[in-house]
Each structure stands twice: as structure tokens, then as C-alpha cells.
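Residue numbers (the numbering used here): 4 to 363.
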């Protein structure tokens, strides 16, 4: 006798297939949130990621959804400030869920009338904690519910692992060029909150914080060819790994660091004004200049920075920053040069077309 699959089983398979076809993190996050809301008897689904900043950890609320409603994006990782996130110890049961890699259930209370089931979201075959999915339901989730949620979240973690593998530089662990354009265009996205019920261009509701300004910096290691020629490529690779580590520890959690290839790195940083952006890059430059690299000794970098402008493109912004690096290289190296400052001082000439720059 043939047995037909239940509607819930078909929905689960359908969502697993959809998730396996996603290649962008935003769409994958929306997909897992919607899958949990439509597959489980959930009153509400919410996804939280774990955020590291120096020695502190925070919860960032990412998405939430209710059955029959569109997914709401609660935070924009590109723009969210640390003070808008929850400290890690503010939600002890959520932390317990992630630290012990187990489901944690809270029964209804006068304040919280729903059952709240927390599921850990893990990467790297369960070795790396990523976040927590919280399911609010009017009745306890049964064994089939928890199995469905676990399978969906396992698929989500596997897809994130695949994206990390394809979007990260194998040597340094930094982002590679592949995800750069996507982030760049996010910096140009309007930040005004939508009116209640108004659809966004991507079909999701968004809440966003105050408008921020973004800057793009090119970081080029000085005399790197000499390092390879003198000490060999193994030492050269070690220098690249250590520079990447200095970059990751010198900037904030919402700044992004990329390796474009060779000795060239890119930083997309958020800063309220020009001087603050230059100061952040100057702190990194000093940190690197004072670092003692094994065998190679002291190594410096030349840095060019430009603002990301309305209507900008990745190629145009990189070209402007690269011209500032070119100026730094030819005027002493080991310095931060600002493209708008060089233009103001008459040392760079900019055509009306963004990115069409000529050196005097």
C-alpha cells in the first residue's frame, strides 16, 4: 500500500530544497525564518546572531516572522551600533542554549503567554556557535516539530559554511572579492524606516537605525616583494596572515575587511565623519608599523581612503582610493592619504565623473 506524505512533510521538503538553492546570505536568512514559521506550529519565530567585539559578546536580533506574514528584518548588520544590541548575559537561557548546544524550553508565564523553545544554530559541524532560533508557540513543540526545526537549522548552518568557504580568502580568512560588491551597494541603501505596512523593494519589512557614512580604504603592504625575495614565500604568507589578524583586531565588528589578492587589502568602515575615518586607519597604520614580524622585522603599509558617495560604484570608489595609495607610495610610504583631502589641497584632480581621477 502506498503512503502519501503529509502536508507538513511536503512543506519541510519544499523549504529544504529552497534553502539549498540560496546563494546570498540575506535571502538565506529570510528563507530559514520563513521556513520555520510555515513548517512549525509557531506563533512567532525570531533569529538572533552572536556578535563578537573585542572581548565582549552581544545578541543581534536579525529577523522575525509570524505565520501568514512577511519576514521582518529587525537589524541591518551593516549599520547596527553595539549599543542597539543586547549584552550576551541579558538572555541567560539563550546563552545556555548556545553554550550547551541544546534546546532550552520556557513554559508560559503571565508576562510571556507562549512556550518559548530555543534552538542553537551551529557552524563547522557543530564546532562554532553562530546564533539562536527562538520559537514561540501556544502549545509545546512535539518530537516531530523539534526534528523539523533541527533539520532546517542544520541545512541553514551547512549553507552558511558553504558561503564562508566560497567567500573567504583561503590564506588569511578575510572576505575575498566575491562578497565585496554586495556589501558596497548595501552602504548606498536608504536608511529611512518604512512606514507601517509599506513593502520594501526586496519584499521584506525593514527597521533601520540612523544614517551613517561609509568609507573605503585600500591598504597596500610596503616593499612586500622584497619580503618574498629575501625571506621566501612562506614567510611572505606568514606576513599576510599576521597583517590580516592586525586588520581584524583594529576595526570594529561592523567594519568589513577584505583581501583582494597579493598584498592588497580593502576596508569598508563606517564613520560619522572624515577625520574619524582617517584616525581609525592611522591607528591601524601605527599598530602595524610597531609590530615585529617574525624574521621580516618591521613592515609598514601605505593606505588610501575615500568616501563612498551617492550613486557610487565599487570600481569608481576603489579607483579613487587606489590613487590615494599611489600618492602615498610616491611620497614616503607608511602613511594614510585621504583622496578628498588630496583633492582639496590640489594634489589630486577629480573629473565630474565619480572615480575618474588624474594625478597632477
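Idealized CB from N, CA, C, for every residue including glycine.
These figures come from a predicted structure and were not determined experimentally.
Helix, strand or coil at residue 181 [DSSP, three-state]: Residue 181 falls in the coil class under three-state DSSP.
Within the segment 14-38, ranges of the alpha helix (DSSP H) (whole runs, at least 4 residues): none
First and last residue of the uninterrupted beta strand (DSSP E) at residue 138: 131-140
Coarse secondary structure for residue 204, derived from DSSP in three states: Because the pLDDT at residue 204 is just 40, under 50, the model does not fix this residue reliably, and the point stays unresolved.
At least 3 beta-carbon pairs within less than 8 Å: the segment 227-244 vs the segment 321-339: no
Buried/exposed call for residue 57, threshold 16 Cβ in 10 Å: exposed
Beta strand (DSSP E) segment containing residue 110, residue limits: Careful: residue 110 lies outside any beta strand (DSSP E) and carries neither H nor E.
Rounded separation between residue 162 and residue 78 - CA only: 21 Å
Touch test, the segment 67-74 against the segment 23-42, Cβ-Cβ under 8 Å, three pairs minimum: Counting Cβ pairs under 8 Å, three or more are found: they touch.
Same chain only: Cβ atoms within 8 Å of residue 346, ignoring 5 sequence neighbours per side: 352, 353
Which of helix, strand or coil DSSP assigns to residue 81: coil
Length of the line joining the Cα atoms of residue 169 and residue 114: 44 Å
Whole-Å CB distance - residue 234 paired with residue 299, under 8 Å assumed: 6 Å
Under the three-state DSSP convention, the category residue 55 falls into: strand
Minimum C-alpha distance to residue 110 - residue among 22, 307, 67, 119: 119
Neighbourhood of residue 61 by C-beta, 7 Å cutoff - its chain only, sequence neighbours within 5 removed: 54, 85, 88, 89, 90, 91
Exposure of residue 261, with buried meaning 16 or more beta-carbon neighbours within 10 Å: Counting of Cβ neighbours within 10 angstroms places residue 261 among the buried residues, the total reaching 16 or more.
Bridge partner(s) assigned by DSSP for residue 49: Paired residues: 67, 137.
When 275, 292, 288, 269 are compared against residue 325, the one with the closest alpha-carbon: 269
For residue 182 and residue 310, the rounded distance between their alpha carbons: If I take the Cα positions, the gap works out to 19 Å.
One or two residues paired with residue 304 in a DSSP bridge: 224
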